[in-house]
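Chemist: Respectively, the protein sequence lines represent chains A and B.
Start counting the first sequence at 1; every next residue gets the next number (the working numbering).
Start counting the second sequence at 1; every next residue gets the next number (the working numbering).
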Amino acid sequence: MQAPSVSPAAANSPTVEATGLRRTYTVGEPVHALDDVSLSLPAGSFTAVMGPSGSGKSTLLNVVGCLDTPTAGTLALAGREVSGLSSRELARIRGREVGFVFQTFNLLPRLSALENVRLPTVFGAGDGAAARERGREHLERLGLGERLDHRPTELSGGQRQRVAIARALVNDPPLLLADEPTGNLDSETGATIMGLFEELHSEGRTILLVTHERHVAEYAERIVHMVDGRIEDVEELAGAGREAGADAVTGGGAGSETSAGTEAEAETSAGTDAEADR
Amino acid sequence: MKLRESVRISWRAIASHKLRSTLTTLGVIIGVGAVIVFMVMGGALAANFTGEFEDLYGEDAVLFVQTETPIEGGFGIQFSEAPIYTEHDVAELERRDGVAFVAPIGSIDAVQTTVGDDRLTGGVSVRATTAEGFRFDEFREGRAFDPGANEAVLNVQASRAHGGVSVGDEITYTTADGERHTFVVSGLIVEDFLSQPASMYVPTDPYYTTAVDTPRGTTERGYPMLVIGAEDIDSLSTAQDGAQAYLRGPSDANALKSDGDTIRVQTIDDLVGQITALLDQLTVFVGGIAAIALVVGAIGIANIMIVSVVERTREIGIMKAVGATNRDIVQLFLIEAVVLGIVGSLVGVALGLGVGAIAVAVLGWPMVYPLDWIAIAVVVGIGVGVVAGLYPAWRAANVDPIVALSRE
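Rendered as structure tokens:
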């Protein structure tokens, strides 16, 4: 598998740079799903977002993935401001620069594994045979070379999630977004999938992962804790590649106390958090 | 998004709901099928009506003079029986350029015909003409009558009505006044077109007695119809123009005809064209009723597509999440609707031709393939798909991916 294609200009800027993001839903009275969230993900970083349900972690992921538009604040992907782009441009970004992995896999039931993987390549100027070949390579790499023509219903949960990961990778996006990718898998399969994410990270991809499980979040270099739409705390974890972007990760939360103190492996990062909190 | 990819994905959606897709296209199939059946039958009816007529006279340099009369609140062609064409008109017409002869045709008020002991009351119409009137007829047997020799010509329908009359047999007609006239059959002509009644032809002189007072102060024989023979096929249009100019100008007929009636001088082609045009109008009218089924079909497609959009909201969300633009989604759903429309219309055309062929075979009419209507049906099928697919596709494109993805 080739390395993510990052243009020289983009290499200098963080993959994701969000400032003062706000997302307000008005259902009766306004609800702030995101409330003044600032977050920077350096290229090649691996970040987990944790928080209780309703904390806004999925909304954050959707906004970063250009599926949702923020009510206020700015978002730049690879140095390029995305607020104000047309829906057509946003669709292109979702297809080319971002790869989504979901808890419920979200494969199209009528399409085969290979066709599902190819799906992001058929929108826009699809490049037919080359895309097909790429899809096959990704599936083979993820151990599904024998199941190219299987329908999702003929695959196990872990296999489905691997098809979904292959789909996220097929256009070689620099940023991978995962929303509870192990939520529907047993712990052993979940561990295999997280191993895959670790591997993709080591290849230089930027990963943003949403989870409510601590042991899943610990695959990341840092954990962003969210409560009520705000970043409460950013916890740096000791791990490989951690130095790459540790200082660049900033949490624009409410300046709360670090909650990471109880976690043994997080203790080393407490200082960093303190620095990060203005 | 490439068309081929959209067609592939759309087709997958259609094929995975076979029963539903079939029922959805049924509306279009029935609509298109019904239109095609009626077009086949209308075309076959016209071909049957005019085919033999053309076979008999198509090559002949002949003109028919008749008076077309409007039908009150009706639809179609009706010719008047008013005897407005006088002996004077016949003589005048014979002097026009290109005219070889003019044969008048008139009805004799006969109530009964008798061959031996076989009496038919009202079964055979008796008509008067001249020997020249048979110039273009096909004789199955014998020849035209000799005016001086009490001879008559029968058409084969009349011969059949009397159980097979042949040349040399005697036939008698009786008028309402009780006059009896007996003739020797000199010939049998083929007149098997346009539901011609069984007829017996006798010489105008002396048997045809209908007379009218002319504007010139005379009283002479008047006929409801004339047959004009042109010298040859090249002089047909000269003869037609000359005859028409005279008849619509200084003729007795023009003075005698009722207001609103029109004197027609028509070639075989004109007659065939007139009948065909009439049948075409009728066919289109009936076909238009059948086309209502197409509208129902379109509503069926739209309905099922809307259901399909709701059902596939999550899929739409997935496709948007992996990079589908609104346009891609519109394309997918529109193509799905158009494919349903095209498949429906193609099956409808096949079904319509099949049913039409069977119906036509049962009726003994020649099969015709209404190519223009087949093309129209396919175009309409595509149009139905587009129209029916637009709104559902628009709704699909406006699905919010966040909402869609959070649905189970």
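Glycine included, C-beta positions come from ideal geometry on N, C-alpha and C.
For the region 147 to 175 of chain A, which residues have a CB atom closer than 7 Å to at least one CB atom of chain B, in sequence order?
Modeler: The residues in question are ARG167.
Chemist: Which residues mark the beginning and the end of the beta strand (DSSP E) in which SER6(B) is found?
Modeler: Stepping through the second sequence from its first residue, residue 6(B) is reached at position 6. Element bounds for SER6(B): not the beta strand (DSSP E) but the alpha helix (DSSP H), 3 to 15.
Chemist: Going by DSSP, what residues sit across from ILE171(B) in a beta bridge?
Modeler: For the purposes of this step, residue 171(B) is identified with residue 171 of the second sequence, where counting begins at 1. Its beta-bridge partners are PHE183(B).
Chemist: Alpha carbons only, please: which of VAL386(B), LEU334(B) and VAL387(B) is nearest the one belonging to ALA396(B)?
Modeler: Within the second sequence, residue 396(B) is the residue found at index 396, counting from 1. With distances taken between Cα atoms, ALA396(B) lies closest to LEU334(B).
Chemist: Do PHE38(B) and VAL380(B) have their CB atoms nearer than 8 Å?
Modeler: Numbered from its first residue, the second sequence carries residue 38(B) at position 38. Numbered from its first residue, the second sequence carries residue 380(B) at position 380. No, they are not a contact pair.
Chemist: Can you name, in chain order, every residue of its own chain whose Cβ lies under 7 Å from the Cβ of ALA44(B), other than the five neighbours on each side?
Modeler: Sequence index remark: in the second sequence, residue 44(B) carries index 44 (1-based). VAL360, TRP365, PRO366, MET367 and VAL368.
Chemist: To the nearest angstrom, how far is it from the Cα of PHE412(B) to the Cα of ILE171(B)?
Modeler: For chain B, the structure presents residues 1 to 408; residue 412(B) sits outside this window and is missing.
Chemist: Write down the C-beta distance between GLU68(B) and THR262(B) rounded to the nearest angstrom, noting that I regard them as a contact closer than 8 Å.
Modeler: For the purposes of this step, residue 68(B) is identified with residue 68 of the second sequence, where counting begins at 1. For the purposes of this step, residue 262(B) is identified with residue 262 of the second sequence, where counting begins at 1. At roughly 5 Å, the Cβ-Cβ gap stays under 8 Å, so GLU68(B) and THR262(B) are in contact.
Chemist: By the three-class DSSP mapping on this structure, what secondary structure does THR283(B) have?
Modeler: Start at 1 with the first residue of the second sequence, and residue 283(B) comes out as number 283. The answer is helix: DSSP assigns THR283(B) an H, G or I state.
Chemist: Give every residue of the same chain whose Cβ lies closer than 6 Å to the Cβ of VAL330(B), excluding the five residues on either side of it in the sequence, and list them in chain order.
Modeler: The residue given as residue 330(B) occupies position 330 in the second sequence. Once the five neighbours on either side are set aside, the close Cβ partners of VAL330(B) are ALA393 and ALA397.
Chemist: Is GLY352(B) helix, strand or coil when you go by DSSP?
Modeler: Reading the second sequence from its first residue, position 352 is the one you call residue 352(B). Helix, per DSSP.
Chemist: Could you work out which residue in GLN244(B), ALA388(B), ALA350(B) and GLY242(B) is closest to ALA375(B) when comparing CA atoms only?
Modeler: Taking the first residue of the second sequence as position 1, residue 375(B) is located at position 375. Looking at the Cα atoms, ALA350(B) is the closest of the given residues.
Chemist: Just verifying my parser: in three-state terms, what is the DSSP assignment at MET319(B)?
Modeler: For this step, residue 319(B) is matched to residue 319 along the second sequence. Looking at MET319(B) - three-state DSSP - the assignment turns out to be helix.
Chemist: Got a sec, what are the start and stop residues for the beta strand (DSSP E) VAL155(B) sits in?
Modeler: For this step, residue 155(B) is matched to residue 155 along the second sequence. Val is not the amino acid found at residue 155(B); the sequence shown has Asn there. Looking at the DSSP string, the run of the beta strand (DSSP E) that includes ASN155(B) is 151 to 155.
Chemist: Give a yes or no on whether the C-beta atoms belonging to MET225(B) and ILE105(B) are separated by under 8 Å.
Modeler: Position 225 of the second sequence, counted from the start, is the residue given in the question as residue 225(B). Position 105 of the second sequence, counted from the start, is the residue given in the question as residue 105(B). Yes.
Chemist: Let me check one thing: in DSSP terms, what residues is ALA48(A) bridge-paired to?
Modeler: Here residue 48(A) refers to the residue found at position 48 when the first sequence is read from its first residue. For ALA48(A), which the question treats as bridged, DSSP gives the partners LEU209(A) and ILE223(A).
Chemist: Could you pull out every residue in the same chain whose Cβ sits closer than 7 Å to the Cβ of GLY217(B), ignoring the five residues on either side in sequence?
Modeler: Along the second sequence, read from residue 1 onward, the residue named residue 217(B) stands at position 217. Answer for GLY217(B): no residue qualifies.
Chemist: Over what stretch of residues does the alpha helix (DSSP H) that includes ASP205(B) continue unbroken?
Modeler: For the purposes of this step, residue 205(B) is taken as residue 205 along the second sequence, with counting starting at 1. Element bounds for ASP205(B): 204 to 207.
Chemist: Determine the direct distance from the alpha carbon of GLU151(B) to that of GLY51(B), and round the result to whole angstroms.
Modeler: Numbered from its first residue, the second sequence carries residue 51(B) at position 51. Numbered from its first residue, the second sequence carries residue 151(B) at position 151. Near 31 Å, if we compare the C-alpha coordinates of GLU151(B) and GLY51(B).
Chemist: Closest by CA to ARG12(B), which one among ARG110(A), GLU17(A), LEU60(A) and LEU21(A)?
Modeler: Within the second sequence, residue 12(B) is the residue found at index 12, counting from 1. Considering only alpha carbons, the answer is ARG110(A).
Chemist: Closest Cβ-Cβ distance between GLU5(B) and chain A: below 8 Å?
Modeler: Within the second sequence, residue 5(B) is the residue found at index 5, counting from 1. Chain A contact via Cβ: present.
Chemist: Buried or exposed for ARG20(B), going by 16 or more other Cβ atoms inside 10 Å?
Modeler: Position 20 of the second sequence, counting from 1, holds the residue named residue 20(B). Classification for ARG20(B): exposed.
Chemist: Going by beta carbon distance, what residues of the same chain come within less than 6 Å of ALA103(B), once the five residues before and after it are set aside?
Modeler: Walking along the second sequence from the start, residue 103(B) turns up at place 103. Within the same chain, ALA103(B) has close Cβ partners THR129, THR130, GLU132, GLY133 and VAL227.
Chemist: For ARG242(A), which of helix, strand or coil comes out of DSSP?
Modeler: Against the first sequence, residue 242(A) aligns to sequence position 242. Residue placement at ARG242(A) is poorly supported in this model, since its pLDDT is 41, which falls under 50; the coordinates still yield a value, given next. ARG242(A): helix per DSSP, three-state reduction.
Chemist: Would you call the region 170 to 183 of chain A in contact with the region 90 to 106 of chain A, where contact means no fewer than 3 C-beta pairs closer than 8 Å?
Modeler: Because the criterion of three Cβ pairs below 8 Å is met, the region 170 to 183 of chain A and the region 90 to 106 of chain A touch.
Chemist: ILE318(B) CB to nearest chain A CB: under 8 Å?
Modeler: Taking the second sequence and counting its residues from 1, the one referred to as residue 318(B) is at position 318. Interface residue, yes.
Chemist: How far does the beta strand (DSSP E) with SER40(A) in it reach, from first residue to last?
Modeler: Here residue 40(A) is taken as the residue at index 40 of the first sequence, counted from 1. Segment 29 to 41, the beta strand (DSSP E) holding SER40(A).
Chemist: Using a Cβ cut-off of 8 Å (strictly closer), state whether ASP68(A) contacts chain B.
Modeler: The sequence position of residue 68(A) within the first sequence is 68, counting from 1. Judged by the 8 Å Cβ criterion, ASP68(A) is in contact with chain B.
Chemist: Please state whether DSSP places VAL338(B) in a helix, a strand or coil.
Modeler: To locate residue 338(B), count along the second sequence from 1; it is residue 338. In this structure, VAL338(B) counts as helix in the three-state DSSP scheme.
Chemist: What's the C-alpha gap between ALA337(B) and GLU146(A)?
Modeler: As a first step, residue 337(B) is located in the second sequence; it is residue number 337 there, counting from the start. As a first step, residue 146(A) is located in the first sequence; it is residue number 146 there, counting from the start. Each residue's alpha carbon lies about 35 Å from the other.
Chemist: Report the residue from MET41(B), ILE29(B), VAL62(B) and PHE49(B) whose alpha carbon sits nearest the alpha carbon of ALA239(B).
Modeler: Taking the first residue of the second sequence as position 1, residue 239(B) is located at position 239. Comparing Cα-Cα distances from ALA239(B) to each of MET41(B), ILE29(B), VAL62(B) and PHE49(B), the minimum goes to VAL62(B).
Chemist: Counting only beta-carbon separations shorter than 8 Å, does PRO120(A) have a partner in chain B?
Modeler: Counting from one through the first sequence, the residue named residue 120(A) turns up at place 120. PRO120(A) counts as touching chain B.
Chemist: Here's the rule I'm using: 16 or more other beta-carbon atoms within 10 Å means buried, otherwise exposed. How should GLY409(B) be labelled?
Modeler: The question about residue 409(B) has no answer here: the residues shown for chain B are numbered 1 through 408.
Chemist: ARG12(B) touches chain A at which residues, Cβ-Cβ below 8 Å?
Modeler: To locate residue 12(B), count along the second sequence from 1; it is residue 12. ARG110 and LEU111, listed in chain order.
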